[in-house]
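For reference, the structure discussed in these notes is given below.
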Amino acid sequence: MTPPVVAVAWPRPDYVSALERAGGAVRILDPQRDDPRGAIAECDALLLTGGVDVDPVEYGEAERHPTIELDVVRDKYELALARAALDGDVPVLAICRGAQVLNVAAGGTLIQDLASSAATTLAHTINQPKDAIAHDVLVAPGTRLERLLKNATPDHRVAVNSRHHQSVKQPAPSFIVSAAAPDGVIEAIEKPDSSFCVGVQWHPENFWRTGEFAGLFEGFVQAALDRKTTRG
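According to this note's numbering, the sequence shown is numbered sequentially starting from 1183.
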C-alpha cells in the first residue's frame, strides 16, 4: 500500500523529515490554490506546524498583547483546515502554534503572553540549538500521549525543548490536558474521542534524527494509514 498522505501548510524541513521517517507522505498545501475542506478530504491526516501567534480576536479577546506577531492570512487558512479535520475526524498532530490553532479552532482560548500573565520560573523560549532541553513536562497517565511517548520516566516525566511565549488557557470542549510543565503551563492537549487528535507545545520534530519522539509521529502516521485503509 502507498503511504498515507499528510497535509502540511508552512512546513520546515524537520517536520517533513519526521513525517517521512515515520512512513508518511507529505503534501505541502498552497493557501492560494488548495481549498481547506477540499484538501482535507483528499488527504489522510493534517499536521499543524509552529509559527507566529494566533490573533486574539479569533478566541474572543479584543485587546492584543504588544508581544504578539500576527499572520491573519495564515490564521484563517489553518483554522479552516483544523475545523475541517475536526468535523471529519481526520487525524491531527499539532505542534507549538499548531496546538494553539487546534485549541482555538475547537473553541478554546490562549494565554497571550506567559511572562506577563502567568507566574513562572521556567524558560519557555530557548531558541538555539533547536533541540536544547528547556524543562520537563508531566504527562497525564492513561492518555494517548502517554502511550505514544516511549521516552517518559517511570514518574511520567519527559524532557522537552521549548520555543513559545503563549499557551492554552482554557482547553476546548471535548479536549483534555495531557501534559503540563512544572509551573502549571499546559504543554499538551488531546481529544479522547477522536481517531487521533493531539497538540503539543514543544517541537518533537527537531529530534527526528535521534528518535526521542518517534513514537508520536509513528502513532500519528499509523492513524493516517488506518484512515486511508478504511476509505479504501
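Even glycine gets a Cβ: it sits at the ideal position worked out from N, Cα and C.
- request: Could you tell me whether the Cβ atoms of Ala1406 and Pro1186 are closer together than 8 Å?
  value: The answer is yes: Cβ separation under 8 Å.
Residue interval of the beta strand (DSSP E) (run including Ala1370): Ala1370 -> beta strand (DSSP E) spans Ile1368 to Glu1372.
message: For Tyr1197 and Pro1386, I'd like the C-alpha separation in whole angstroms.
response: The alpha-carbon atoms of Tyr1197 and Pro1386 are separated by roughly 9 Å.
- prompt: If you run the structure through DSSP and keep just helix, strand and coil, what is Ile1293?
  reply: Of the three classes helix, strand and coil, the one that applies to Ile1293 here is strand, per DSSP.
task: Please work out which residues of its chain come closer than 6 Å, Cβ to Cβ, to Glu1369, disregarding the five sequence neighbours upstream and downstream, and give them in chain order.
output: In chain order, Val1319, Ala1361, Ala1362, Ala1363 and Gln1383 place their CB closer than 6 Å to the CB of Glu1369, counting only its own chain and leaving out the 5 sequence neighbours on each side.
task: Round the Cβ separation of His1415 and His1306 to the nearest angstrom and send it over; I've been treating them as touching at under 8 Å.
output: Nothing can be reported for residue 1415: it is not among the residues displayed for the chain, which extend from 1183 to 1414.
Whole-angstrom C-beta distance between Ser1344 and Ala1322, which should lie under 8 Å: With 8 Å as the limit, Ala1322 and Ser1344 do not qualify as a contact, their Cβ atoms being about 18 Å apart.
Alpha-carbon spacing of Thr1411 relative to Met1183, whole angstroms: Cα to Cα, the separation comes out at about 9 Å.
Buried or exposed by the 16-neighbour rule on C-beta atoms within 10 Å, applied to Gly1401: The C-beta of Gly1401 has 16 or more other C-beta atoms within 10 Å across all chains shown, which makes the residue buried.
- request: Output the residue ranges of the alpha helix (DSSP H) runs that lie fully inside the region 1244 to 1305 and measure 4 residues or longer, sorted by chain position.
  value: Whole alpha helix (DSSP H) segments, 4+ residues: 1254 to 1269, 1279 to 1287 and 1296 to 1299.
task: Report the option in Arg1413, Val1255 and Asn1388 whose CA atom is closest to the CA atom of Ser1199.
output: For Ser1199, the closest C-alpha among the options Arg1413, Val1255 and Asn1388 is that of Asn1388.
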